[in-house]
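Asker: I'd like to ask some things about the structure below.
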Amino acid sequence: MTAKNNQHRAPLYKDRAFHENKWQMLEGDQSPVDVDRPILTFAEAIRLLELRANLPQCFGVSVEPGDDVEALAPYLDGIALIAISFPAFSDGRGFSSARLLKERYGYKGEIRAVGHFILDQMPFLERCGVDSFLITSDKVRAGLERGEWPEVTNYYQPTAHEGDAPIASRTWLRQRRS
Amino acid sequence: MYRYDEFDAAFVNQRVAQFRSQVERRVSGELTEDEFKPLRLMNGLYLQLHAYMLRVAIPYGSLDSRQLHRLADVATKYDRGYAHFTTRQNVQYNWPSLSDTPDILQDLAEVDMHAIQTSGNCIRNVTTDHFAGAAHDEVADPRVYAEIIRQWSSLHPEFSFLPRKFKIAINGAKQDRAAIRVHDIGLQLVQLTDGGVGFDVYVGGGQGRTPMIAKLVAEGVAEQDILSYLEAVLRVYNLYGRRDNKYKARIKILVHETGLEQLKADIEAEYAHVKSTFLDIPKEEIERIDAYFAMPKLRDASAGVAKLAETRARDAGFSQWVSQNTHGHKVSDHVSVTVSLKPVGGVPGDATAEQMHLVADLASQYGYDEVRVSHAQNLVLPHVAKEDLYAIYQALVTVDLAEANVGLVTDIIACPGLDYCALANARSIPVAQDISERLGAIERQKQIGDLKLNISGCINACGHHHVGHIGILGVDRKGEELYQITLGGSSDENTSIGAILGRGFPAAELTDAIEAVIDTYIGLRLSDDERFIDAYRRVGPKPFKEALYPSDQKAA
Ligand code: HEM
Ligand code: SF4
C-alpha cells in the first residue's frame with residue numbers, strides 16, 4: 078500500500094467528528110477528469126487554471142509551505158478544497174496561508190490541514206481558517222477520540238474565524254462561542 | 078501596574094490546566110520526551126544539564142511587591158531558595174521537579190504571572206526600559222504598548238510556530254536603555270508632528286553567532302496602527318524566513334539576504350492589507366490601559382532633600398551608592414534606585430528568597446509598590462523619595478545588596494554557562510566572579526569608570542558579549558575552555574558589535590588579560606571622564622592588541 082493510498086483511507090476530522098475522506102491526491106500521470114474529487118499539486122493546478130484547461134466540476138489544490146496562495150486568488154470560486162500541507166509540525170507557514178486564503182482572498186470552500194500537525198496545534202489552525210483535518214497520526218487520533226481539544230478559549234487575537242465572539246472591554250479580544 | 082481582569086485571569090488559568098494535563102501525560106509515560114518537548118517549550122520549561130529549568134515571564138520587567146514575594150516563595154517551596162534574573166527581564170528557576178511545575182504555574186497565576194512564551198519559536202516576552210514611567214528623559218511610557226503587545230502576542234494562532242524565536246523591545250526615552258537595536262524588532266517611541274505618539278521601527282537586530290544591528294524600516298507609525306504593523310512584519314517573517322537552517326532562521330538573516338529595500342517593500346505591501354482591518358487600537362483603549370500605568374501619587378518630599386546631602390556627607394559608602402545606583406526621576410524630589418544583584422564575587426543576577434522578600438518589602442514601604450527587573454540583571458525601585466534613600470540603603474546592607482557598582486566594571490552581565498547550560502562551551506559564572514573579585518575594590522572601580530563587561534559561555538550570546546564594551550566569549554578549542562575577548566560593543570542608541578581582539582585565553586590567564594586591557598585604557602584615556610567605549614572608538618584595537626599579544630607585534 079502506498080503512502081498516498083494510506084492517506085486516502087485516513088479519517089477526516091471536521092465539525093468535531095470523524096468522517097470518511099472522499100478526496101485523493103492525483104498520482105503520476107492520472108488525469109484529473111478521471112478521478113473522483115482529485116487534489117492537484119499547486120503547480121499543476123495553476124498551470125491548468127491558467128490554460129483554462131478542462132478540469133472536473135469538483136477539484137482540490139494542495140498547498141505546500143513555500144507556495145504563495147495569492148496565485149490562487151483569481152480562481153478561488155472554482156476550487157472546492159484547498160489542502161494545506163504540514164511536512165513538519167514546526168513549519169508554521171501553513172497557518173499564514175490559511176488566514177490569507179480565508180481572510181484576505183475570501184475563500185469560501187473547505188480548507189483542510191494535511192500532514193504532521195500535532196493535536197495542540199489544531200485549535201490554532203481552526204482559528205486561522207482551517208475547516209477540516211486529515212488525521213494520519215495515531216496519537217492525534219487517539220487524543221481526538223478521547224474528546225481532547227486542547228485550547229485556551231479566551232483569545233487576544235481577532236481573526237476572521239466565525240466561532241469567535243467579541244468581548245466588549247478591548248477590541249482585540251475574542252472568546253469561543255460555546 | 079497592569080491588573081488582570083476576569084478575561085486575563087481565565088486565560089492564564091486555562092493555560093495552567095492545559096499544561097497540567099500535558100505534564101501528567103509526560104509523567105505517566107503517555108508522551109515521550111520528544112513529544113513533550115514542543116509542549117513544554119511553549120511554557121518556558123527547558124531540559125538543562127542537571128535538571129529542568131523553568132523560565133517565568135516578567136512582562137516588560139514589571140513587578141509589584143506581591144508578585145516579588147511570590148517569586149521568592151516559589152524559590153523556597155519548589156527550588157533551592159534562590160532564583161536567577163535574566164537579561165530578558167525574566168526569572169529562572171534552575172532546580173524545579175517536573176511534577177511540581179504545574180503547581181508553580183498555579184501559584185504564579187494567583188498573582189497574575191505566567192510562563193507563556195518564555196521559550197519556543199514564538200514571540201517572546203516584550204522588554205523595555207527599566208526606568209519606564211519614571212525617567213526624566215521619556216517621550217512616552219512604553220509599558221502601555223508593551224502590555225498591548227503582550228496581549229496580542231499571547232498564544233497567537235498564526236505566529237506560534239515561527240522559523241525561530243522572536244524578540245521585541247520598546248524604548249520610550251531618548252537614551253536607549255532597552256537595547257532595541259539588537260532585537261528582532263526594536264520600537265522607539267517618538268513624538269509625531271501632529272502631536273500624537275508613534276514608533277520608529279527597527280527590524281533585524283540580534284546577537285547569537287551572526288550579530289547584527291537592526292535597520293530602520295519605518296518612521297512614525299502611529300500608535301493605533303502598531304499592532305497592524307507588527308502583524309505585517311511577523312507575517313512576512315513567518316512566510317519567508319528561512320527554515321532550512323536554524324542558525325539562519327532569525328529575521329536578521331532575512332533582512333540580510335532579501336536586502337533592506339526589498340524587505341521594506343514586502344512589509345509595506347503586507348501592512349497596506351492589514352492596516353484598518355481588525356487591529357486598529359482605539360484611542361480610548363490605549364487611554365484605558367495607560368491609566369494602569371499612571372504615575373503613583375508621589376508624596377511631596379521636597380523637605381527631605383537637604384537632609385540627604387547631610388547624610389551623604391556623613392556616610393561615604395552611602396554617598397557612593399547614591400551616586401552610582403540612582404537615576405534621575407521626572408519629579409525632582411524622587412529618584413529611581415537600582416538594587417545591584419552583582420555583589421563583588423557573587424553570581425550576576427541571582428537573588429535569594431530572603432533578598433527578594435526584602436526588596437519587595439522596601440517596594441511596598443517606600444517604593445509605591447513597584448519593582449522592575451533590568452536587562453542588566455538588576456532590580457529597580459522606580460519611584461523613591463530622596464529622603465528615604467538612607468533607610469533603603471541600610472536595609473539593603475543587611476542582605477548584601479548594597480553594592481554601589483551600577484554601570485561599573487563589576488556590574489557584569491553573564492549567562493549561566495557551563496554550570497547549568499547544555500549548550501555551553503565554557504563556564505561564565507566563575508569567570509565573572511574572578512574578575513569581580515580582582516577589580517572589586519570601590520576605588521579601583523571608580524578609577525575605571527563606566528564600563529560594561531558582558532560574558533557568554535558560547536556563541537549564542539545570552540550574556541550579550543557582542544554588545545559589551547568588553548565582551549568575553551567562551552569557546553572550545555580541542556576540548557580546552559578558552560575565552561575570547563571582544564572590544565567596542567555597545568547596546569545603546571549608538572549600538573555597535575564588539576570585535577574579537579585575538580586568540581583566546583585559558584581561564585587562569587583571563588583575569589590578567591582583562592586587567593591589562595583596562596590598564597591600557599587608563600593609560601591612554603584623555604581624561605578621567607573619557608569612558609572606555611569612547612576611548613576605544615577613538616584609538617581602535619591596536620594598543621590593546623599590543624598589550625595582550627606583545628610577541629605578535631614584534632614578529633610582525
Ligand atoms: C540556560 C539555558 C539557556 C539556553 C539553552 C539558551 C539558549 C539560547 C540560544 C540557542 C540562543 C541563540 C538563539 C538564536 O540566535 O537564534 C540564545 C539567545 C539568547 N539568550 Fe539564551 N539560553 C539560555 C539561557 C539564557 C539566559 C539565562 C539568558 C539571560 C541571562 C538568556 C538570554 C538570551 C538572550 C538575550 C539571547 C539573545 C541573543 C539574540 O539572539 O539576539 N538565555 N539563548
Ligand atoms: S550563551 Fe551559550 S552557554 Fe550561555 S546560556 Fe546561552 S546557550 Fe548557554
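If you read the protein sequences in the order shown, they are chains G and F.
My numbering puts the first residue of the first sequence at 78, with every later residue one more than the last.
My numbering puts the first residue of the second sequence at 78, with every later residue one more than the last.
Even for Gly, the Cβ is constructed at its ideal location relative to N, Cα and C.
Quantities reported herein were computed from a predicted structural model and do not represent experimental measurements.
Once you ignore the five residues that flank residue 81/G on each side, which residues in its own chain have a CB closer than 8 Å to its CB?
Answerer: Counting from one through the first sequence, the residue named residue 81/G turns up at place 4. In this prediction, residue 81/G has a pLDDT of 48, which is less than 50 and means its spatial position is unreliable; nothing more can be read from the coordinates.
Asker: Could you tell me whether the Cβ atoms of residue 430/F and residue 458/F are closer together than 8 Å?
Answerer: Counting from 1 along the second sequence, the entry for residue 430/F is found at position 353. Counting from 1 along the second sequence, the entry for residue 458/F is found at position 381. Their beta carbons are not under 8 Å apart, which means residue 430/F does not touch residue 458/F by this criterion.
Asker: Exposed or buried, residue 329/F, counting other C-beta atoms within 10 Å across all chains shown (16 or more means buried)?
Answerer: Start at 1 with the first residue of the second sequence, and residue 329/F comes out as number 252. It counts as buried.
Asker: If you draw a straight line from the alpha carbon of residue 286/F to that of residue 501/F, how long is it in whole angstroms?
Answerer: Here the question's residue 286/F lines up with position 209 in the second sequence. Here the question's residue 501/F lines up with position 424 in the second sequence. Distance between the alpha carbons of residue 286/F and residue 501/F: 13 Å.
Asker: On the DSSP letters alone, give me the boundaries of the beta strand (DSSP E) that residue 548/F sits inside.
Answerer: Within the second sequence, residue 548/F is the residue found at index 471, counting from 1. Where residue 548/F is concerned, the enclosing beta strand (DSSP E) stretches over 547–554.
Asker: Less than 6 Å between C-beta atoms, sequence neighbours within five positions excluded: which residues of the same chain meet that for residue 118/G?
Answerer: As a working mapping, residue 118/G is identified with position 41 in the first sequence. If we look at residue 118/G and ignore the five residues flanking it on each side, its Cβ neighbours are 139.
Asker: Leaving out five residues on either side along the sequence, give the residues of the same chain with a beta carbon under 8 Å from the beta carbon of residue 389/F.
Answerer: Reading the second sequence from its first residue, position 312 is the one you call residue 389/F. Around residue 389/F: 395, 396 and 399.
Asker: Check whether chain G comes within 8 Å of residue 87/F, counting only Cβ atoms and requiring the distance to be less than that.
Answerer: Position 10 of the second sequence, counted from the start, is the residue given in the question as residue 87/F. Judged by the 8 Å Cβ criterion, residue 87/F is in contact with chain G.
Asker: Consider the Cβ of residue 194/F: report whether some Cβ of chain G lies at a distance smaller than 8 Å.
Answerer: Counted from its first residue, the second sequence places residue 194/F at position 117. No, no contact with chain G.
Asker: Quick test of your reading: residue 434/F and residue 444/F, contact by CB under 8 Å. State the CB separation rounded to the nearest angstrom.
Answerer: Translated into the one-based positions of the second sequence, residue 434/F becomes position 357. Translated into the one-based positions of the second sequence, residue 444/F becomes position 367. Contact doesn't hold; Cβ gap of about 14 Å is too wide.
Asker: Tell me residue 247/F's beta-bridge partners as DSSP assigns them.
Answerer: Position 170 of the second sequence, counting from 1, holds the residue named residue 247/F. Looking at the DSSP assignment, residue 247/F forms a beta bridge with 205/F and 264/F.
Asker: Would residue 418/F pass as a contact of residue 456/F if the rule is Cβ separation under 8 Å?
Answerer: Along the second sequence, one-based indexing puts residue 418/F at 341. Along the second sequence, one-based indexing puts residue 456/F at 379. Going by C-beta atoms, residue 418/F is nearer than 8 Å to residue 456/F.
Asker: I need the boundaries of the beta strand (DSSP E) containing residue 130/F, first residue and last residue.
Answerer: In the second sequence, the residue the question calls residue 130/F occupies position 53. In this chain, the beta strand (DSSP E) harbouring residue 130/F covers 129–133.
Asker: Quick one: residues in its chain with C-beta nearer than 8 Å to the C-beta of residue 195/F, no 5 flanking neighbours on either side, listed in chain order?
Answerer: By one-based count along the second sequence, residue 195/F stands at place 118. Within the same chain, residue 195/F has close Cβ partners 120, 121, 132, 133, 134, 167, 201 and 202.
Asker: Tell me the start and end of each unbroken beta strand (DSSP E) in the segment 155–210 of chain G that is at least 3 residues and wholly inside, in chain order.
Answerer: 158–163 and 187–192
Asker: Between residue 324/F and residue 264/F, what straight-line distance do the alpha-carbon atoms span, to the nearest angstrom?
Answerer: Taking the second sequence and counting its residues from 1, one reaches residue 324/F at position 247. Taking the second sequence and counting its residues from 1, one reaches residue 264/F at position 187. So the two alpha carbons sit approximately 24 Å from each other.
Asker: Hey, is residue 143/F's beta-carbon within less than 8 Å of any beta-carbon in chain G?
Answerer: Numbered from 1 along the second sequence, position 66 holds the residue referred to as residue 143/F. By this cut-off, residue 143/F is not an interface position.
Asker: To the nearest angstrom, report how far apart residue 366/F and residue 226/F are at their CA atoms.
Answerer: Here residue 366/F refers to the residue found at position 289 when the second sequence is read from its first residue. Here residue 226/F refers to the residue found at position 149 when the second sequence is read from its first residue. Approximately 12 Å between the Cα atoms of the pair.
Asker: Can you tell me whether residue 341/F is helix, strand or coil according to DSSP?
Answerer: Residue mapping note: residue 341/F aligns to position 264 of the second sequence, counting from 1. Residue state, collapsed to three classes: helix.
Asker: If you draw a straight line from the C-alpha of residue 130/G to the C-alpha of residue 88/F, how long is it?
Answerer: Position 53 of the first sequence, counting from 1, holds the residue named residue 130/G. Position 11 of the second sequence, counting from 1, holds the residue named residue 88/F. A direct Cα-Cα distance of roughly 50 Å separates residue 130/G from residue 88/F.
Asker: Would you check if the distance between the CB atom of residue 579/F and the CB atom of residue 625/F is smaller than 8 Å?
Answerer: For the purposes of this step, residue 579/F is identified with residue 502 of the second sequence, where counting begins at 1. For the purposes of this step, residue 625/F is identified with residue 548 of the second sequence, where counting begins at 1. Going by C-beta atoms, residue 579/F is nearer than 8 Å to residue 625/F.
Asker: Which ranges would you report for the alpha helix (DSSP H) in the segment 132–176 of chain F if only whole runs of at least 4 residues count?
Answerer: Fully enclosed alpha helix (DSSP H) runs of 4 or longer: 142–155.
Asker: By the DSSP assignment, the beta strand (DSSP E) with residue 531/F in it spans what residues?
Answerer: On the second sequence, residue 531/F is found 454 positions in, with the first residue counted as 1. It spans 530–533 - the beta strand (DSSP E) in which residue 531/F sits, taken as one unbroken run.
Asker: State the Cα-Cα distance for the pair residue 634/F and residue 588/F, rounded to the nearest angstrom.
Answerer: Look at the range of chain F in this structure, 78 to 633, and you will see that residue 634/F is not part of it.
Asker: Going by other Cβ atoms of all chains shown within 10 Å of its Cβ, with 16 needed for buried, is residue 83/F buried or exposed?
Answerer: Residue numbering aside, residue 83/F sits at position 6 when the second sequence is read from its first letter. Classification of residue 83/F: exposed, given that the 10 Å Cβ count is below 16.
Asker: Just checking, does the segment 133–151 of chain F make contact with the segment 179–192 of chain F on the three C-beta pairs under 8 Å criterion?
Answerer: yes
Asker: Beta carbons nearer than 7 Å to chain B: which residues of the segment 93–111 of chain F have them?
Answerer: Protein chains G and F are contained in the structure displayed, whereas chain B is not.
Asker: In terms of residue numbering, what span does the beta strand (DSSP E) encompassing residue 69/F cover?
Answerer: Nothing can be reported for residue 69/F, as the shown portion of chain F is limited to 78 through 633.
Asker: What are the start and end residues of each continuous beta strand (DSSP E) run of 3 or more residues lying completely inside the segment 205–252 of chain G, in chain order?
Answerer: 209–211 and 241–243
Asker: Less than 8 Å between the beta carbons of residue 534/F and residue 503/F, yes or no?
Answerer: Against the second sequence, residue 534/F aligns to sequence position 457. Against the second sequence, residue 503/F aligns to sequence position 426. In contact: residue 534/F and residue 503/F (Cβ atoms closer than 8 Å).
Asker: When the Cα of residue 233/G is compared with those of 158/F, 290/F, 229/F and 236/F, which residue comes out closest?
Answerer: Taking the first sequence and counting its residues from 1, one reaches residue 233/G at position 156. Among 158/F, 290/F, 229/F and 236/F, the Cα nearest to that of residue 233/G is on 229/F.
Asker: Going by C-alpha to C-alpha distance, which of 450/F, 234/F, 442/F and 446/F sits closest to residue 416/F?
Answerer: Here residue 416/F refers to the residue found at position 339 of the second sequence. Selected option, being the one with the closest Cα: 450/F.
Asker: If residue 175/G sits next to residue 156/G, beta carbons under 8 Å apart, how far is it from one beta carbon to the other, in whole angstroms?
Answerer: Position 98 of the first sequence, counted from the first residue, corresponds to residue 175/G. Position 79 of the first sequence, counted from the first residue, corresponds to residue 156/G. About 14 Å; that fails the 8 Å criterion.
Asker: For the beta strand (DSSP E) that contains residue 116/G, what are its first and last residues?
Answerer: As a first step, residue 116/G is located in the first sequence; it is residue number 39 there, counting from the start. For residue 116/G, the enclosing beta strand (DSSP E) begins and ends at 115–117.
Asker: Quick check on the burial criterion: 16 or more other C-beta atoms within 10 angstroms. Buried or exposed for residue 236/G?
Answerer: Taking the first sequence and counting its residues from 1, the one referred to as residue 236/G is at position 159. Residue 236/G comes out buried.
Asker: Closest to residue 486/F by C-alpha separation, out of 413/F, 380/F and 519/F, would be which residue?
Answerer: Within the second sequence, numbered from 1, the residue matching residue 486/F stands at position 409. When each option's Cα is compared against that of residue 486/F, the closest is 519/F.
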